[in-house]
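Each remark here refers to the structure printed beneath this line.
Number of protein chains: 2
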Amino acid sequence: MTAGTVHGVGLGPGAQDLMSVRADRLLRGARHVAYFRKAGRPGQARRIIEGMLRPDAVEFPMDYPVTTEIPLDDPRYAATLAAFYEDCAAHLRALAEGGEDVVVLAEGDPFFYGSFMHLYTRLLPHVPVRVVPGITGMAAAWAASGAPITWGDDVLTVAPATLPEAELTRRIAQTDALVVMKIGQNLAKLKRAIAAAGREAVLVEYAAMPEERVRPLHEVDKAPYFSIALIHGQGRRP
Amino acid sequence: MTAGTVHGVGLGPGAQDLMSVRADRLLRGARHVAYFRKAGRPGQARRIIEGMLRPDAVEFPMDYPVTTEIPLDDPRYAATLAAFYEDCAAHLRALAEGGEDVVVLAEGDPFFYGSFMHLYTRLLPHVPVRVVPGITGMAAAWAASGAPITWGDDVLTVAPATLPEAELTRRIAQTDALVVMKIGQNLAKLKRAIAAAGREAVLVEYAAMPEERVRPLHEVDKAPYFSIALIHGQGRRP
Numbered sequence: 000m001t002a003g004t005v006h007g008v009g010l011g012p013g014a015q016d017l018m019s020v021r022a023d024r025l026l027r028g029a030r031h032v033a034y035f036r037k038a039g040r041p042g043q044a045r046r047i048i049e050g051m052l053r054p055d056a057v058e059f060p061m062d063y064p065v066t067t068e069i070p071l072d073d074p075r076y077a078a079t080l081a082a083f084y085e086d087c088a089a090h091l092r093a094l095a096e097g098g099e100d101v102v103v104l105a106e107g108d109p110f111f112y113g114s115f116m117h118l119y120t121r122l123l124p125h126v127p128v129r130v131v132p133g134i135t136g137m138a139a140a141w142a143a144s145g146a147p148i149t150w151g152d153d154v155l156t157v158a159p160a161t162l163p164e165a166e167l168t169r170r171i172a173q174t175d176a177l178v179v180m181k182i183g184q185n186l187a188k189l190k191r192a193i194a195a196a197g198r199e200a201v202l203v204e205y206a207a208m209p210e211e212r213v214r215p216l217h218e219v220d221k222a223p224y225f226s227i228a229l230i231h232g233q234g235r236r237p
Numbered sequence: 000m001t002a003g004t005v006h007g008v009g010l011g012p013g014a015q016d017l018m019s020v021r022a023d024r025l026l027r028g029a030r031h032v033a034y035f036r037k038a039g040r041p042g043q044a045r046r047i048i049e050g051m052l053r054p055d056a057v058e059f060p061m062d063y064p065v066t067t068e069i070p071l072d073d074p075r076y077a078a079t080l081a082a083f084y085e086d087c088a089a090h091l092r093a094l095a096e097g098g099e100d101v102v103v104l105a106e107g108d109p110f111f112y113g114s115f116m117h118l119y120t121r122l123l124p125h126v127p128v129r130v131v132p133g134i135t136g137m138a139a140a141w142a143a144s145g146a147p148i149t150w151g152d153d154v155l156t157v158a159p160a161t162l163p164e165a166e167l168t169r170r171i172a173q174t175d176a177l178v179v180m181k182i183g184q185n186l187a188k189l190k191r192a193i194a195a196a197g198r199e200a201v202l203v204e205y206a207a208m209p210e211e212r213v214r215p216l217h218e219v220d221k222a223p224y225f226s227i228a229l230i231h232g233q234g235r236r237p
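In the order they appear, the protein sequences are chains A and B. Here numbering that gives the first Met the number 0 is used: the first residue of the first sequence is 0, the next is one more, and so on. Here numbering that gives the first Met the number 0 is used: the first residue of the second sequence is 0, the next is one more, and so on.
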């Protein structure tokens, strides 16, 4: 029997028509569709593809066993997640070894942060895996902001707000253009770092979604999970 | 009369089916399509959309008056390009003011380097302009490389190889993950900077195109325009 292929498919930032034509075709034809979600929630990836699946599509939700209950640096966090990814990968591998193709949903781009890559490395030695790149959430954020992010020879830094404050401040001071992800609980720290670096940023919430909103970062007191901070580059512009 | 809209449409990295569904629909329905190209060449953007246009679509090629003939830091370079962008924007503005929608092709993403943004800032005060984000060339490059670019709390730096060698070296040394664009004539300098920073990179040529190729950077002696160097992040991976 020929093994099936596991497709890690980038869904883009959230609007269904910002998915690639390749992703759209794969999804609409898929017999098996897997996606991560927080336990008890429908999940953002599944929400994006609402109405696109075949009536006979078999769904495989993968419920994260932990999100913020255990600190990231606790060894139990890594162990719990490793076991979870092993289980998910084993299920997808069995489907592929049984000849079935599987589409795994990935918000944004599958190789840019995110969880799909933890399945990818576990599946790669065993079954065919292909990746469909996607429009990143940050690209939707700078489109929403109404201004280009990089010009000419600008350097762009993409940093998670989870970094220590001193490092975050240094990186903000030393770059032309900036994207900050993973803000959530780190909003106050990020605002201090931006101010300490003498810069100004905008916060884009829910880019490419109906709730899209753009504000100066210093006016923001609470940032949802789907928010990205930007500093626009000011490089060469004839 | 209602003004038409100028749409800056991200085409993605080069494969037609890596365009977004929104870009695909806009292009197939477009009556007016504008794109940049090097004089005397068909142009990469136009090549990507081959076969997609309506039979009655009116094309407006915008031929760069200079590419590498005048150094970037020569004032004549900026002046020549500024006059060129003014002319192009005036034409697009006249179309929109006459009630016509226009699609302007942008390789990759319209707000991530590239030329569309020079029209965008000139058109924005006068006519409606909308931007459709796209899959970046770098996302296609890391998909082609077969490994995720960023994990966990990795910092990603995107730098043009046009930077001075010392700055390039410092930025390569200080980042987790790296993307280098605009390599071309700067290949030797980039190779020295990577070595001086004690890192190793891969070069991805023609990502998502039929000629796609991935090699260790140190083995490469000549880099085509469509090439991107990558250093993959090694962050947290449970």
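No residue lacks a Cβ here, since even glycine has one placed at the ideal position from N, Cα and C.
Near-chain B residues of the stretch 153–173 of chain A (beta-carbon distance less than 7 Å), N- to C-terminal order: Listed in sequence order: 154, 155, 156, 157, 158, 159, 161, 162, 170.
Listed in chain order, which residues of the stretch 4–23 of chain A have Cβ atoms closer than 8 Å to some Cβ of chain B? 9, 11, 12, 14, 15, 16, 17, 18, 19, 20, 21, 23
Any C-beta of chain B sitting closer than 8 Å to the C-beta of residue 84 of chain A? yes
Given a cut-off of 8 Å on the beta-carbon distance, is the pair residue 128 of chain B and residue 21 of chain B in contact? no
Using only CA atoms, which one of B:116, B:150, B:96, B:6 lies nearest to residue 119 of chain A? B:150
I want to verify the contact list: residues of chain B whose CB lies under 8 Å from the CB of residue 34 of chain A, in sequence order. None at all; the shortest Cβ gap to chain B is about 18 Å.
Any C-beta of chain A sitting closer than 8 Å to the C-beta of residue 118 of chain B? no
Using alpha carbons as the reference points, say which of B:79, B:26, B:142, B:73 lies closest to residue 54 of chain B. Closest by alpha carbon: B:26.
Kindly list the residues whose CB is nearer than 8 Å to the CB of residue 41 of chain A, restricted to its own chain and excluding five residues on each side of it in sequence; keep chain order. none
Proximal residues of chain A, C-beta to C-beta of residue 139 of chain B below 8 Å: Within 8 Å Cβ-Cβ: 132.
Using a Cβ-Cβ distance under 8 Å, would residue 2 of chain A count as near chain B? no
Would you mind listing the alpha helix (DSSP H) stretches within the stretch 130–175 of chain B that are 4+ residues and don't spill past its ends, in chain order? Taking only runs of at least 4 residues, the alpha helix (DSSP H) segments lying wholly in the stretch 130–175 of chain B are 136–144, 164–173.
Using 8 Å as the threshold, is the stretch 90–97 of chain B in touch with the stretch 194–211 of chain A, meaning 3 or more CB pairs across them? no
Which chain A residues sit within Cβ distance under 9 Å of residue 69 of chain B? Chain A residues near residue 69 of chain B: none, gap ~11 Å exceeds 9 Å.
Counting only Cβ pairs nearer than 8 Å, list the residues of chain A close to residue 148 of chain B. 110, 111
For residue 1 of chain B, is the classification buried or exposed, using 16 other Cβ atoms within 10 angstroms of its Cβ as the cut-off for buried? Residue 1 of chain B should be labelled exposed.
Sheet register partners of residue 34 of chain B (DSSP bridge): B:60
By Cβ distance below 6 Å, which residues in the same chain neighbour residue 137 of chain A in space, the five residues on each side in sequence not counted? 178, 227
Buried or exposed: where does residue 74 of chain B fall if 16 or more other Cβ atoms within 10 Å of its Cβ makes it buried? Taking all protein chains in view, the Cβ of residue 74 of chain B is surrounded by fewer than 16 other Cβ atoms within 10 Å, so the residue is classified as exposed.
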